[in-house]
Amino acid sequence: MTHREKAKELIAQRDEIERKIGEQLAILEANNSTMDSPLVDSEGYPIDKIDVYSVRHARHEIIKLRNDMKELTNQIATELEAAHELEPRAPQQSDQSAGAAQPSVHRTSNEAFARISNVADSSPAKECGLSKDDLILQYGSLHFGNFRELRQLAEITGASENKTIRVTVIRNERPVRLELKPKKWSGPGLLGCNIVPLTGQSM
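Just so we're aligned: the sequence shown equals residues 1 to 203 in UniProt numbering.
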């Protein structure tokens, strides 16, 4: 089985997990509940018209399924990146900008570590081709193996104002390589996009 065939198999598994999550969310909705809404009143009695057992079971399943989906997403990124590495590459042209190229960074993992949650129009992020829901595999020298916190992204961005940052993302199950140039624009910051780690904080 090729890397791309394996990725398709994993994508089908992820689609099935998304379907199961939808079923469990429907149970919460039917009970007028969310993942963290109370199930008992101030006196400790079950809230009327809520099937406490069903809601608790659905919440447990959703957490488990979301963890499984995150793991599958990382596996898909790994397989697609491996498939891309095996594809023939066009020879690079040498031009005046070649001397300013960044040194190659060897990732210790092909797992995504962050996601683009939105991109502002006319922003540096938009100009370079970043899109909402892109999964970031590499951002300059930063990758899953050395990513710890969003401050690292901010530091690389600030140090690279008006310079090129090589970015690799997964989009529509395929790796995409981009060149991002942080700079001042009409909006806030140097990028014009929101980056969310696959663990917690946001930038």
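From the three backbone atoms N, C-alpha and C, an ideal C-beta is built for every residue, glycine too.
Inspect the beta-carbon positions of Val167 and Leu153 and report whether they are closer than 8 Å.
No; because the gap between Cβ atoms is not below 8 Å, this pair is not in contact.
Return yes when the Cβ of Ala159 is within less than 8 Å of the Cβ of Ala135, no when it is not.
The sequence shown places Leu at residue 135, not Ala. Not a contact, by the Cβ cut-off of 8 Å.
Assuming Arg14 is part of the alpha helix (DSSP H), what are its boundary residues?
3–30
Taking Leu25 as the reference, which of Ile63, Pro38, Asp48, Glu71 has the closest Cα?
Ile63
Rounded to whole angstroms, what is the Cα-Cα separation between Asn67 and His60?
Approximately 11 Å between the Cα atoms of the pair.
May I ask which residues mark the beginning and end of the alpha helix (DSSP H) holding Glu155?
Its alpha helix (DSSP H) spans residues 150–159.
Would Ala12 and Ile76 be called neighbours here (beta carbons separated by less than 8 Å)?
In this structure, the beta-carbon distance from Ala12 to Ile76 does not fall below 8 Å.
Rounded separation between Cys193 and Thr34 - CA only
29 Å
Distance check for Ile116 and Tyr139, CA to CA, integer angstroms please.
12 Å
Would you kindly check if the distance between the Cβ of Val52 and the Cβ of Leu72 is under 8 Å?
no
Give the secondary structure of Leu135 by DSSP, where H, G and I count as helix, E and B as strand, and everything else as coil.
strand
Between which two residues does the alpha helix (DSSP H) containing residue 252 stretch?
The requested residue 252 does not occur in the structure, where the chain is confined to residues 1 to 203.
Residues bridged to Ile195 (per DSSP)
Looking at the DSSP output, Ile195 bridges to Ile116.
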